[in-house]
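Before any comments, here is the structure.
Chains as they are written, first to last, in this note's numbering: chain A, 9 to 301; chain B, 108 to 300.
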């Protein structure tokens, strides 16, 4: 089970660090749009918050990592740089999507390399890595496009909900380590949500989405292939953020902004709750009669 | 005369061969590990209170026994997926990235590099232990437990005991609740024709 230490250092610490970075970058007391500066704060806050939580909870991993899941630490650093560059230089259109394909491809390859080497045939390895890298990439395009259509508050709240529930599901799927990292992601993106909510300026999720998507799906992929996260729960958690697009349905579009946000958030949370329910049932069924092991 | 010389030469050659063969040491006996009659158990401190025991069920390998300790050798492979603590949920946890990460590190291997005589029938066997992707030199106390015969095969048994720190092998999750030191006992039964 997650301990008090896990919550303090795994959720609270990244939230504080992310919050400090965002206050410096976004200056939420301003009434001007963030396009005058500060977009770089989102990816920096998320990446640095996650990386610091990783160091606190698990220690500095060796380089190159022995355990493939330790690549998540180094990927967080790389994604932070890419996210900051993405937010500062505003590369647009198809060039951005093509450049954005490199991160998912690298990330999925590094995480699944042990399986490609030990378990899968060459064709299987290429097929799995290509399919999952394409999935992560399309996820990023979908969420990034959606986030660019509206204020960042609702999308950030949805990311908090998804990563928070995913953390619990991973804990119930036999990996406290991945659950802790899910908590770190939740804490860091949670700070972004809080500041976007209370700040007067219109904040952008650009750059943040790229960092979040790769780390989040990296945790889900690791949970499925290396721990006990079932394929069903992996699909539910992975698909959940995409349901944010429900707020683009014409009927929903006619609602007020906060109502659209509520509909989108509800749609995102439902599959997460389903995954949590399935994971809880599996966990309870496999526990010994006498309780904790 | 010629017959006498031939006979004497034959006798001398025969005696010489006998002398040479009696001075030559017998070949070391090579045994193939019988997975069904071999065991590996480990114990670890739980919450500083008790010693908890678990096992691995899939052990393979071979060993060579000889009166000359330096001619003994041992090599063992253990499938990490076969970890068994009698509780499926705990076994799943042990197989996850939190501990053995069995999908990435499917085997634990030991290969001896040096064998020396210790006390009595005990040998000090030094070798390379590869666990969780990390290889370190360790020394185990190995005792010959006996010999036997079954089904036309000659059997021999050895038992090894050693202690390691799991953090030395990159397994440093939950050190505050689950001890760093692991005590390992491997009992091997090998057979040869």
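Note that beta-carbon positions come from the ideal geometry of N, C-alpha and C, so glycine has one too.
Of the other Cβ atoms in all chains shown, 16 or more fall within 10 Å of the Cβ of residue 296/B; this residue is therefore buried. Proximity of residue 74/A to chain B, defined by a Cβ-Cβ separation below 9 angstroms, is satisfied. Annotated as proximal: residue 219/A and residue 87/A, with beta-carbon spacing under 9 angstroms. Inter-residue distance for residue 184/B and residue 294/B is about 13 angstroms (C-alpha atoms, whole angstroms).
The DSSP-derived three-state label of residue 135/B is coil. Runs of alpha helix (DSSP H) with 4 or more residues, each lying fully within the segment 153-220 of chain B, are found at 195-202, listed in chain order. In the pairwise beta carbon analysis, the segment 164-175 of chain B is classified as touching the segment 138-148 of chain B: at least three pairs are separated by under 8 angstroms.
With contacts defined by Cβ atoms closer than 9 angstroms, residue 51/A and residue 166/A do not form a contacting pair. By the CB criterion at 9 angstroms, residue 66/A and residue 177/A fall outside the cutoff. Using a Cβ-Cβ cut-off of 9 angstroms, residue 184/A counts as an interface residue toward chain B, since at least one Cβ of chain B sits closer than that to its own. Residue 267/B: member of the beta strand (DSSP E) spanning 260-272, first to last residue. If you check each beta-carbon in the segment 186-211 of chain B against every beta-carbon of chain A, the ones closer than 7 angstroms belong to 194, 195, 196, 197, 199, 200, 203, 204, 205, 208, 210 and 211. Three or more beta-carbon pairs separated by less than 8 angstroms are not found between the segment 192-202 of chain A and the segment 264-280 of chain A, which leaves the two stretches without contact. Only 230, 233, 234, 235 and 236 from the segment 227-250 of chain A bring a Cβ to less than 8 angstroms from some Cβ of chain B. The DSSP assignment places no complete run of the beta strand (DSSP E) inside the segment 32-119 of chain A (cut-off: 3 residues). Note that the segment 237-246 of chain A does not touch the segment 99-108 of chain A; fewer than 3 beta-carbon pairs, one per stretch, sit closer than 8 angstroms. Scanning chain A for C-beta atoms nearer than 7 angstroms to the C-beta of residue 241/B yields 74, reported in chain order.
Of the candidates 133/A, 147/A and 207/A, the residue whose Cα lies closest to the Cα of residue 161/A is 207/A.
Proximity to residue 219/B across 209/B, 243/B and 205/B peaks at 243/B, based on C-alpha coordinates. Closest in alpha carbon position to residue 140/A, among 76/A, 117/A and 79/A, is 117/A.
A straight line joining the alpha-carbon of residue 113/A with that of residue 290/A spans about 32 angstroms. C-alpha of residue 187/B to C-alpha of residue 210/B: approximately 9 angstroms in a straight line. Per DSSP, the beta-bridge partners of residue 289/B are 151/B and 271/B. Taking the C-beta atoms as reference points, residue 162/B is found nearer than 9 angstroms to residue 149/B. If you look at residue 14/A, you'll find it in the alpha helix (DSSP H) that goes 12-15. At a Cβ-Cβ threshold of 9 angstroms, residue 222/A and residue 115/A count as neighbours.
Between the segment 51-61 of chain A and the segment 11-29 of chain A there are three or more C-beta pairs closer than 8 angstroms, enough to call the two in contact.
Residue 279/B reaches chain A at 66 and 67, counting residues in chain order whose Cβ is nearer than 9 angstroms. Assigned with DSSP and collapsed to three states, residue 295/B falls in strand. Among the residues facing chain A, residue 142/B is not included, as its CB has no counterpart in that chain under 9 angstroms away. In the DSSP secondary-structure assignment, residue 255/B is bridged to 262/B. Note: residue 234/B is bridge-paired with 219/B and 245/B in the DSSP secondary-structure output. Collapsing the DSSP output to three states places residue 224/B in a strand.
Look at the segment 124-157 of chain A: the residues with a C-beta under 8 angstroms from a C-beta of chain B are 126 and 127. A check of alpha carbon separations from residue 255/A across 205/A, 182/A, 227/A and 151/A identifies 151/A as the nearest.
For residue 189/A, the number of other beta carbons within 10 angstroms of its own is at least 16, and it is reported as buried.
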